[in-house]
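First comes the structure, then the notes that go with it.
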Amino acid sequence: MKAPLRVAVTGAAGQIGYSLLFRVASGAMFGPDQPVILQLIEAPIEKVMKALEGVAMELDDCAFPLLKGIVQTSDASVGFKDANWCLLIGAKPRGPGMERADLLKDNGKIFIEQGRIIDAVAAADARIAVVGNPANTNCMIAASQAKRLSADRFTAMVRLDQNRAQTQLAKKAGVDLTAVKNIFIYGNHSPTMFPAYAHATIGGKASAEVINDTAWLQGPFCETVGKRGAAIIAARGLSSAASAANALVDHVHSLVTPGAIHSVAVKSNGHYGFDANVWAGMPVRTTTPGSYEVITGYAMDDFAKSKLATTNKELMEERAFVADMIK
Ligand code: NAD
Ligand code: LMR
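Shown next, in the form of structure tokens:
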């Protein structure tokens, strides 16, 4: 039996937490032979901690063979202690009429503190995945606090956008979802993100050839994927949760699976023309569990270049807006 992985989860009693934890404990994230200890972190509010207790009771009641322990705490230095993975979900979600960037100042503060504590107490091999919005910039803020852990350990999630884009292409082409490959998300997890349809294939052929409708690909397709989060808030009155949790399972599972190729927001280091210091979605290939290399060299046409410039500009503006929070 492998040694258990310690998985810290913030916002564990929230909507996404409730959809996520049972799948982590069942083995969907780290595999059917990998035991886990869940270190659940919540805000120090009596009602919330009580709800967390209920979630822990339900986890117990599932009798998951891989679940070797549950920590419940509102103290981040306890929750992140020796954690191998830190899943940063806890943050305010946006409501109707808000953009994700409207959350920056409030949520940014959470990520300053958590970045600092993770750097001090998490395991030497710690990996961090940020979901709380605005995810790219929160990830940048958390990473800026770290001295021990390198920036490449900090990733933000754009996998929900990749999954959304894959489904939209399959529906338009009238094919099974599994026929769609290599659809990657570039830039910010916001309406400016760019789903690079030109590199996607459908049944082994170029997506543009199969769909044969450039106006749809450049217009409604990009718009539907970019504004899907708002469409869900308008329909449900709450932001996406089960699909977000599912995307986080995919994000981490792909990051621990050597050879997996997937979209992740990482420190750009200048790839694809992004400012070197922003966290931008781009395709990566997992090398060893938890580590990855950016797949460079996808050619961009003029339309793609203008979309990349727009999403990069927004990321730089977010960075400037939180300049006082970055170390
Ligand atoms: P929620 O309000 O249901 O749950 C958030 C939880 O975080 C709450 O239980 C709250 O008590 C907790 N929390 C707040 N501050 C905390 C702190 N400092 N430490 C620990 N816990 C803390 O929200 P949700 O629907 O689960 O969404 C959480 C975040 O994820 C939001 O910011 C939302 O916008 C974002 N989100 C991102 C994506 C994505 O694709 N990146 C998708 C969906 C939602
Ligand atoms: C989403 O994309 O569904 C989430 O980021 C929630 C939101 O605010 O859109």
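In this note's numbering, the protein residues as written are 2 to 328.
Just so you know, even glycine gets a beta-carbon here, dropped at the ideal spot from N, CA and C.
As the structure is a computational prediction, the values presented were derived from the model and not from experiment.
Ala166 places its beta carbon less than 8 Å from that of Ile186. The bridge partners DSSP lists for Phe155 are Ile129.
Not a single heavy atom of the ligand LMR lies less than 7 Å from the C-beta of Arg160. From the listed residues Asn247, Leu170, Ser269 and Gln16, the smallest Cα separation to Gly238 is found for Gln16. Rounded to whole angstroms, the separation of the alpha carbons of Gly18 and Lys51 is 15 Å. According to the DSSP secondary-structure assignment, Lys206 is paired through a beta bridge with Ile203. About 35 Å separates the beta carbon of Pro45 from that of Met2, a gap too long to meet the 8 Å contact definition. In terms of Cα proximity to Ser27, the closest of Val49, Ile118, Ile234 and Glu59 is Glu59. DSSP, read as helix, strand or coil, puts Tyr299 in coil. Note on geometry: alpha-carbon atoms of Val253 and Gly70 lie some 20 Å from one another. Spatial neighbours of Arg154 in its own chain (CB-CB distance under 7 Å, excluding positions within 5 residues in sequence) are listed in chain order as Ala127, Arg128 and Ile129. In this structure the stretch 184 to 203 lies against the stretch 279 to 298, because at least three pairs of beta carbons, one per stretch, are closer than 8 Å. Taken from the Cβ of Asn247, every heavy atom of the ligand NAD lies 7 Å or farther away. In the three-state DSSP reduction, Gln40 falls in the strand class (E or B).
Bounds of the beta strand (DSSP E) holding Gln73 are Leu68 to Thr74.
For Val265, the closest alpha carbon among the candidates Thr156, Pro5 and Phe81 is that of Thr156. Residues His272 of the same chain have their beta carbon placed closer than 7 Å to that of Thr297, with the five preceding and five following residues left out of the count.
The Cβ-Cβ distance between Ile118 and Ser78 falls below 8 Å.
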